[in-house]
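Below: one structure, written as structure tokens.
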Amino acid sequence: MWFPKVMRVIRLHPPFDHGAALRVPPAHDRKNWTVLWQWLGEDAQSVAEAAAVQVRTPEGPVVAHSGDWIVLSHSGAFHVAHTMRPCDA
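Residue numbering for the sequence shown follows the numbering used here, starting at 27 and increasing by one per position.
In structure tokens form, the structure reads like this:
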């Protein structure tokens with residue numbers, strides 16, 4: 027019986043370490059802000075800006091605004107994925 031030769035895959039990028047994610051709610055959404063604060067625990071601080079939170083990430087503190095995604099990776103670290111916001115003119 028003939029078996030094909032197994033080729034090794036060369037990874038150009040490390041595997042994506044995805045996990046759970048929560049979106050930063052609008053300022054008026056108290057219920058989801060409560061859920062977000064409980065989920066972030068000690069890795070978050072409030073900021074003066076409404077509908078924003080400062081999150082501790084491996085790259086340092088990052089401010090996440092309403093609409094941004096906060097991702098908890100399998101390694102246990104938080105990451106912030108910013109959404110596009112209109113520029114102030």
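Cβ atoms here follow ideal geometry from the backbone N, Cα and C, with glycine treated the same way. Predicted, not measured: the structure shown is a model, and the values here were computed from it.
Item, Value
"Exposure of His-105, with buried meaning 16 or more beta-carbon neighbours within 10 Å", "buried"
"Best match in Leu-98, Ser-72, Met-110 for proximity to Ala-53 [C-alpha to C-alpha]", "Ser-72"
"Contacts around Ser-51, its chain only, beta-carbon distance under 7 Å, and the 5 residues preceding and following it disregarded", "Per the sequence shown, the amino acid found at residue 51 is Pro instead of Ser. Answer for Pro-51: Asn-58, Trp-59, Leu-62, Ser-92, listed in chain order."
"Exposure of Ala-76, with buried meaning 16 or more beta-carbon neighbours within 10 Å", "exposed"
"For Ser-101 and Val-89, the rounded distance between their alpha carbons", "21 Å"
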